[in-house]
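Undergrad: One structure, as structure tokens, below. Some questions next.
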Amino acid sequence: MANELDPVVENWYLHLDKGQRFEVVALDEQNGLVALQHYDGDLEEVSLAEWAQMEIELSEEPQNWSGAVDVVEIDDLGTEVTDTPEDDWAESLGEFGEVARERIKQESKGVSED
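Residue numbering for the sequence shown follows our numbering, beginning at 400 and increasing consecutively.
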């Protein structure tokens, strides 16, 4: 079954027969090649003739960017802080904290160092 979709760089597509998403990362019309990066990070190159025969449809970009990256810890996703001890949150900011407090004071008075 042929598709009528043009390969567009940065567009995401879904393999209907495989159920896998991929992104077009490059298009070389002169040589008739389309470079694909699958959600799991695998790269593939197909000809424009092969592209036309693929059973695909447009897809949205995946919400979870970690598919192409080997993320094994929840901290790496940036969704939770689990490795920071509670005591670290109560620790003084030291000199940085003093500078920040002074800047906040000046900004609240409408004074700028710029």
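Every residue gets a Cβ at the ideal spot worked out from N, C-alpha and C, and that includes glycine.
Here the structure is a predicted model, which is why all the values come from computation and not from measurement.
(1) Note down, in chain order, each residue of its chain lying with its Cβ closer than 8 angstroms to the Cβ of Asp416, except the 5 sequence neighbours on either side.
(2) Whose C-alpha, out of Val498, Lys508, Ala401, Leu413, is nearest the C-alpha of Ala448?
(3) Please state the DSSP three-state secondary structure of Glu422.
(4) Going by the CB atoms, is the gap between Ser458 and Arg420 shorter than 7 angstroms?
(5) With 16 as the cutoff for other CB atoms within 10 Å, does Pro461 come out buried or exposed?
TA: Reading from the atomic positions:
(1) Locating residue 416 in the sequence shown gives position 17, counting from the first residue. Excluding positions up to five away in sequence, the list reads Glu454.
(2) Mapped onto the sequence shown, residue 448 falls at position 49. Nearest option by C-alpha distance: Ala401.
(3) Mapped onto the sequence shown, residue 422 falls at position 23. Of the three classes helix, strand and coil, the one that applies to Glu422 here is strand, per DSSP.
(4) To locate residue 420, count along the sequence shown from 1; it is residue 21. To locate residue 458, count along the sequence shown from 1; it is residue 59. Contact flag set, yes.
(5) Working through the sequence shown from its first residue, we reach residue 461 at position 62. With a 10 Å radius around the Cβ and a threshold of 16 neighbouring Cβ atoms, Pro461 comes out exposed.
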